[in-house]
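Asks:
There are 2 protein chains.
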Amino acid sequence: MDDTHIRLAHGNGGSYMRELIETVFARHLSNPFLNVQSDAAQLPAMDGVVMVTTDGFTVQPLEFPGGTIGSLAVHGTVNDLSVSGATPKYLTINAFIEEGFDIAQLERIVISLADAAREAKIHVVAGDTKVVPRGEGGGLYLATTGIGIRPKHLQLGLDRIQTGDVILVSGTVGDHGIAVMLAREQFGLRGELLSDAANVSSLTQTLMQLTGLRFMRDPTRGGLATIMHEICRATSMEIRLRQITIPVQDQVASVCEILGYDPMFLASEGRVVAVVEASQADEALTKLQALPQGRDAAIIGSVNIGCGQVVLETELGGERILEELEDDPLPRIC
Amino acid sequence: MDDTHIRLAHGNGGSYMRELIETVFARHLSNPFLNVQSDAAQLPAMDGVVMVTTDGFTVQPLEFPGGTIGSLAVHGTVNDLSVSGATPKYLTINAFIEEGFDIAQLERIVISLADAAREAKIHVVAGDTKVVPRGEGGGLYLATTGIGIRPKHLQLGLDRIQTGDVILVSGTVGDHGIAVMLAREQFGLRGELLSDAANVSSLTQTLMQLTGLRFMRDPTRGGLATIMHEICRATSMEIRLRQITIPVQDQVASVCEILGYDPMFLASEGRVVAVVEASQADEALTKLQALPQGRDAAIIGSVNIGCGQVVLETELGGERILEELEDDPLPRIC
């Protein structure tokens, strides 16, 4: 009997599953709100507007420079709440584990998930595991749902964006996408690049001090370009970005040049894109740059009267329309 | 370009994914709380104790007599809230879809999910889709998180169970497990059996009128036996069940006899197990039997002073200890 790898019986509701949950999951995730004996977890009273978000994670490899699928799942969910102006409070986790998966690796991933949750002060209140047959699960998939509280007065959203507003990004873009891609070694490239995956709450908290903050989002799947298209679709305005101002790490730029990727479409997992009233753009930049995570923050463009297009002013002084993403440059980066 | 099957680009955050979400998911699931443009959904103020539950679903086949993975996901999550005494309110959904999956089948599953949600009056407030490469996803996995509201005064739980309490089940056990197994046709058996998968809220609501209601749970993975073991572990008491009183459909009993399964370990997805103060056991039974879903309800045993064992009094007058489930009789039934 092999005790070091996941078996189908680890997912059947019986003694193996109970042992796995107790020794791997509950052990590292324990907190006052997690009760593995209940069908549903009871939450304390919440003061403010309750916000909910959900996400699935299928990143390959499961462990990469700068994180694991576990920490990524926490950061991704926490960040969706943070950019909505909410304080992350509670988390649920679903794990789909492939038969034959190494339990030691599962535990490393759960520990990194627990560390990220502790740092974000979010409590895992409920979880479920399913085991799928060998060859059918890609090792491990995670699904998370996050619950947060937003102050009652706060108004943020695509509908708040106005002509003349300024667009900022909190740091370099595409680090996560390229770091994960290099970790796969599928192109024979290697690098020292770390994923930027991180909790962005210090960035969103500082921006929320500005009365002129309109909208925030984290540029994950589909990258910066996809957020720009979402703004254009919702507002029918034009966005102009100055390419030279968009922060990109040298190594990311090099890999993109070699493989023909565009950093505008690559995922970051620890950055914030913010739309701010023009008069407060400099203040927003100063606030971001004052934080370690915002060191490379930049003003990258503006929202203008137009017809729903994203225009990129290139380094050479030309202009090009940034089309919406169709084919995937890098699948499975989150 | 094949437009009838899922491609990796349907999961990349770009235009294909947006179109899939709009035409398949949002179209059928639309409600005032679902905003596909937001990172997080805003919930209205909630009066009562907020309860949260989460579950993953990997059932095979994805469509079976009496349901689909979509309706099953809703029922499973709604039922976990209902047996906790909560009224189901909000739902999040994660879909892991395999490349090559038939979009028409996906839509049928989403429609059956939407119908089940409508019937349960639960609103889908957030969702996410990920596409995994061909061969890596078993077609479709779903993960759901449910949020419900429980009345403040209500006290239910394993810790409320006392010596002398009586155990009831709301209907026949194992129908879901056997119906799904027959749908696979892997043993060359066929049958007319429908899964019992259903929303149990009418059953839990009627039981909640009793002051002597101690605890409710739905016998899913691991079946009736696993709930009995959970009670024994939590209370260190002995449970005695009278086998002859446990309702089992003839067809389920026949298949179990042929294949050597024990209905005590098979999943139901529309039943409730309740522990009630002895003096109210008959009233509980009458209340259950008055409902269409509770027609076959029965008193099946009692909680006694003991040492944490589950004792089954057999039809022939003997006794046997019901062991905890180890190996899976029927994998992937939920």
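Same order as they appear, the protein sequences are chains L and U.
Residue numbering for the first sequence follows my numbering, beginning at 3 and increasing consecutively.
Residue numbering for the second sequence follows my numbering, beginning at 3 and increasing consecutively.
Idealized CB from N, CA, C, for every residue including glycine.
All values reported here derive from a predicted model rather than from experimental measurement.
1. Relative to the C-alpha of residue 2 (chain U), which residue among U:167, U:268, U:260 and U:29 is closest?
2. According to DSSP, simplified to helix, strand and coil, what is residue 50 (chain L)?
3. Less than 9 Å between the beta carbons of residue 129 (chain L) and residue 97 (chain L), yes or no?
4. Should residue 96 (chain U) be flagged as near chain L, meaning a C-beta pair shorter than 9 Å?
5. Report all residues from its chain with a CB closer than 7 Å to the CB of residue 33 (chain U); omit the five preceding and five following residues, and keep chain order.
6. Tell me the start and end of each unbroken alpha helix (DSSP H) in the stretch 107 to 171 of chain L that is at least 4 residues and wholly inside, in chain order.
7. Taking CB distances under 9 Å as the criterion, tell me whether residue 183 (chain L) reaches chain U.
8. Over the uninterrupted alpha helix (DSSP H) stretch that includes residue 278 (chain L), give me the two end residues.
9. Hey, is residue 129 (chain L)'s beta-carbon within less than 9 Å of any beta-carbon in chain U?
10. Let me know the secondary structure DSSP gives residue 240 (chain L) once reduced to three states.
11. Does any residue of chain L bring its CB to less than 9 Å from the CB of residue 56 (chain U)?
12. Check this for me: beta carbons of residue 18 (chain L) and residue 328 (chain U), under 9 Å apart or not?
13. Check whether chain L comes within 9 Å of residue 206 (chain U), counting only Cβ atoms and requiring the distance to be less than that.
14. Determine the burial state of residue 246 (chain U): buried for a count of at least 16 other Cβ atoms within 10 Å of its Cβ, exposed for fewer.
15. Just to confirm before moving on: does the CB-CB distance between residue 61 (chain L) and residue 202 (chain L) stay below 9 Å?
16. At a Cβ threshold of 9 Å, is residue 210 (chain L) touching chain C?
17. Exposed or buried, what is residue 306 (chain U) when buried is set at 16 or more other beta-carbons lying within 10 Å of its beta-carbon?
18. Can you look up residue 18 (chain L) in the DSSP assignment and give me helix, strand or coil?
19. Measure the C-alpha to C-alpha separation of residue 301 (chain L) and residue 229 (chain L) and round it to an integer number of angstroms.
20. On a Cα-Cα basis, can you pick out the residue from L:88, L:37 and L:55 that is closest to residue 48 (chain L)?
21. Please tell me whether residue 135 (chain L) and residue 175 (chain L) are closer than 9 Å, where the distance is taken between their beta carbons.
22. Of all the residues that make up the stretch 55 to 89 of chain L, which are near chain U by a beta-carbon distance shorter than 7 Å?
23. Decide if the stretch 73 to 91 of chain U is in contact with the stretch 192 to 211 of chain U; the criterion is three or more beta carbon pairs, one per stretch, under 8 Å apart.
24. Could you give the first and the last residue of the continuous alpha helix (DSSP H) run that contains residue 285 (chain L)?
25. Quick check on DSSP: helix, strand or coil for residue 26 (chain L)?
26. In three-state terms, what does DSSP make of residue 326 (chain U)?
27. Using three-state DSSP, classify residue 55 (chain L) as helix, strand or coil.
28. Can you list the residues of chain L that residue 132 (chain U) reaches, using a CB-CB cut of under 7 Å?
29. Provide the residue span of the alpha helix (DSSP H) that contains residue 297 (chain L), from first to last.
30. How about residue 274 (chain L) and residue 184 (chain L): are their beta carbons less than 9 Å apart?
31. What residue range is occupied by the uninterrupted alpha helix (DSSP H) comprising residue 81 (chain L)?
32. Starting from residue 216 (chain U), trace the beta strand (DSSP E) both ways and give me its first and last residue.
33. Please state whether the Cβ-Cβ distance between residue 191 (chain U) and residue 257 (chain U) is less than 9 Å.
34. Our contact map puts residue 216 (chain L) next to residue 158 (chain L) with C-beta atoms below 8 Å; I'd like the distance itself, whole angstroms only.
35. Give me the chain U residues within the contact set of residue 305 (chain L), using Cβ-Cβ distance strictly less than 9 Å, ordered along the chain.
36. Compile a chain-ordered list of the residues in the stretch 282 to 298 of chain U whose CB is closer than 7 Å to at least one CB of chain L.
Replies: This is what the structure holds:
1. Look at the range of chain U in this structure, 3 to 336, and you will see that residue 2 (chain U) is not part of it.
2. Walking along the first sequence from the start, residue 50 (chain L) turns up at place 48. Here residue 50 (chain L) sits in coil by DSSP.
3. As a first step, residue 129 (chain L) is located in the first sequence; it is residue number 127 there, counting from the start. As a first step, residue 97 (chain L) is located in the first sequence; it is residue number 95 there, counting from the start. Yes. Within cutoff.
4. By one-based count along the second sequence, residue 96 (chain U) stands at place 94. It does; some Cβ of chain L falls within 9 Å.
5. On the second sequence, position 31 is the one that residue 33 (chain U) refers to. Closer than 7 Å at Cβ, skipping near neighbours: 125 and 126.
6. none
7. Within the first sequence, the letter at position 181 stands for residue 183 (chain L). Not an interface residue.
8. Stepping through the first sequence from its first residue, residue 278 (chain L) is reached at position 276. Not the alpha helix (DSSP H): residue 278 (chain L) falls in the beta strand (DSSP E), residues 275 to 278.
9. Counting from 1 along the first sequence, the entry for residue 129 (chain L) is found at position 127. Answer yes: the Cβ-Cβ gap between residue 129 (chain L) and chain U drops below 9 Å somewhere.
10. The residue given as residue 240 (chain L) occupies position 238 in the first sequence. Looking at residue 240 (chain L) - three-state DSSP - the assignment turns out to be strand.
11. Taking the second sequence and counting its residues from 1, the one referred to as residue 56 (chain U) is at position 54. Interface residue, yes.
12. By 1-based counting over the first sequence, the position of residue 18 (chain L) is 16. By 1-based counting over the second sequence, the position of residue 328 (chain U) is 326. Contact flag set, yes.
13. As a first step, residue 206 (chain U) is located in the second sequence; it is residue number 204 there, counting from the start. For residue 206 (chain U), the answer is no, since every Cβ of chain L falls outside 9 Å of its Cβ.
14. Position 244 of the second sequence holds residue 246 (chain U). Residue 246 (chain U) comes out exposed.
15. The sequence position of residue 61 (chain L) within the first sequence is 59, counting from 1. The sequence position of residue 202 (chain L) within the first sequence is 200, counting from 1. No, the Cβ-Cβ distance between residue 61 (chain L) and residue 202 (chain L) is not below 9 Å.
16. Here chain C cannot be found, since the structure's protein chains are L and U.
17. Sequence index remark: in the second sequence, residue 306 (chain U) carries index 304 (1-based). Counting Cβ neighbours within 10 Å, residue 306 (chain U) comes out exposed, since fewer than 16 surround it.
18. Counted from its first residue, the first sequence places residue 18 (chain L) at position 16. Residue 18 (chain L) falls in the helix class under three-state DSSP.
19. Working through the first sequence from its first residue, we reach residue 301 (chain L) at position 299. Working through the first sequence from its first residue, we reach residue 229 (chain L) at position 227. For residue 301 (chain L) and residue 229 (chain L), the distance between alpha carbons rounds to 15 Å.
20. Numbered from 1 along the first sequence, position 46 holds the residue referred to as residue 48 (chain L). The option with the nearest alpha carbon to residue 48 (chain L) is L:88.
21. Taking the first residue of the first sequence as 1, we reach residue 135 (chain L) at position 133. Taking the first residue of the first sequence as 1, we reach residue 175 (chain L) at position 173. No, the Cβ-Cβ distance between residue 135 (chain L) and residue 175 (chain L) is not below 9 Å.
22. 55, 56, 57, 58, 60, 82, 83, 85, 86 and 88
23. yes
24. Within the first sequence, numbered from 1, the residue matching residue 285 (chain L) stands at position 283. Note, residue 285 (chain L): alpha helix (DSSP H), 283 to 291.
25. Against the first sequence, residue 26 (chain L) aligns to sequence position 24. Note: residue 26 (chain L) maps to helix in three-state DSSP.
26. Your numbering for residue 326 (chain U) matches position 324 in the second sequence. The answer is coil: DSSP assigns residue 326 (chain U) none of H, G, I, E or B.
27. The residue you call residue 55 (chain L) lines up with position 53 of the first sequence. Three-state result, residue 55 (chain L): strand.
28. Taking the second sequence and counting its residues from 1, the one referred to as residue 132 (chain U) is at position 130. Under the 7 Å cutoff, chain L gives 58 and 60.
29. Here residue 297 (chain L) is taken as the residue at index 295 of the first sequence, counted from 1. Taken as a continuous stretch (DSSP letters only), residue 297 (chain L) belongs to no alpha helix (DSSP H), as it is neither H nor E.
30. Indexing the first sequence from 1 puts residue 274 (chain L) at position 272. Indexing the first sequence from 1 puts residue 184 (chain L) at position 182. Their beta carbons are not under 9 Å apart, which means residue 274 (chain L) does not touch residue 184 (chain L) by this criterion.
31. As a working mapping, residue 81 (chain L) is identified with position 79 in the first sequence. Where residue 81 (chain L) is concerned, the enclosing alpha helix (DSSP H) stretches over 71 to 85.
32. In the second sequence, residue 216 (chain U) corresponds to position 214, counting from 1. 215 to 219 is the span of the beta strand (DSSP E), which, as asked, contains residue 216 (chain U).
33. In the second sequence, residue 191 (chain U) corresponds to position 189, counting from 1. In the second sequence, residue 257 (chain U) corresponds to position 255, counting from 1. Yes. Within cutoff.
34. Here residue 216 (chain L) corresponds to residue number 214 of the first sequence, with the count starting at 1. Here residue 158 (chain L) corresponds to residue number 156 of the first sequence, with the count starting at 1. Going by Cβ atoms, the distance from residue 216 (chain L) to residue 158 (chain L) rounds to 7 Å, so yes, they are a contact pair.
35. Residue numbering aside, residue 305 (chain L) sits at position 303 when the first sequence is read from its first letter. The contacting residues do not exist; residue 305 (chain L) stays about 16 Å from chain U at best.
36. none
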